[in-house]
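Numbering (this note's numbering), first residue to last: 2 to 101. All C-beta atoms, glycine included, are put in the ideal place defined by N, C-alpha and C. All figures in this text were calculated on a predicted structure; none of them were measured in a lab. Read through the structure below, which is laid out as structure tokens, and then see the notes.
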Amino acid sequence: MFNRIWAAIKREALLTVKEGAASPSEIDSIYKTVTRAPKGPFEQMDVAGLDVILDIEKHYTRLRPGLPSGPLELLQEMVVSGNLGVKSGHGFYDYEADEN
2 MFNRIWAAIK REALLTVKEG AASPSEIDSI YKTVTRAPKG PFEQMDVAGL DVILDIEKHY
62 TRLRPGLPSG PLELLQEMVV SGNLGVKSGH GFYDYEADEN
């Protein structure tokens, strides 16, 4: 059940950024304030790897036709640009080499 709820949070966070309504840092800040979680959705996605998140989103899109395309498009743009998150040093945030 958690994975389904997390998928919705992640999808809406990505869509909000794709639409230009908020930045990843704004969303992470709100999320952490409201949930008291140590990391926001974009921080968590950067840790997991945006290539991994893209594969997961492709899977969800195949299972549930009609989902908005914005999240998948944003992730594809990031991955094609080489921005994979912590493991590449750049994702929604920039990381120093010694943080990996």
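Where DSSP assigns a beta bridge to residue i, which residues make up the other side?
i	result
Gly86	His91
Nearest-angstrom Cα distance between residue i and residue j?
i	j	result
Ile6	Pro69	16 angstroms
Gly41	Met79	18 angstroms
Gly90	Asn84	8 angstroms
Leu51	Ala8	14 angstroms
Glu20	Arg37	26 angstroms
Leu16	Gln45	16 angstroms
Glu27	Ser82	23 angstroms
Asp29	Arg65	26 angstroms
Helix or strand or just coil, what does DSSP make of residue i?
i	result
Leu68	coil
Lys19	helix
Lys40	coil
Met2	coil
Ser30	helix
Tyr61	helix
Glu97	coil
Could you pull out every residue in the same chain whose Cβ sits closer than 8 angstroms to the Cβ of residue i, ignoring the five residues on either side in sequence?
i	result
Pro72	Lys11, Arg12, Leu15, Leu16, Lys19, Glu58
Asn101	In this predicted model, Asn101 has a pLDDT of only 46, less than 50, meaning its place in the structure is not dependable; the value taken from the coordinates is given anyway. Hits under 8 angstroms: Val87, Lys88, Gly90.
Arg97	Per the sequence shown, residue 97 should be read as Glu rather than Arg. So the list reads Gly90, once near-sequence residues are dropped.
By Cβ distance, which residues of its chain are closer than 6 angstroms to residue i, with the 5 residues on each side in sequence left out?
i	result
Lys33	Gly41
Phe93	Pro25, Phe43, Asp47
Within the same chain, show all residues whose beta-carbon is closer than 7 angstroms to that of residue i, passing over the 5 residues directly before and after it, in chain order.
i	result
Leu55	Leu76, Gln77, Val80
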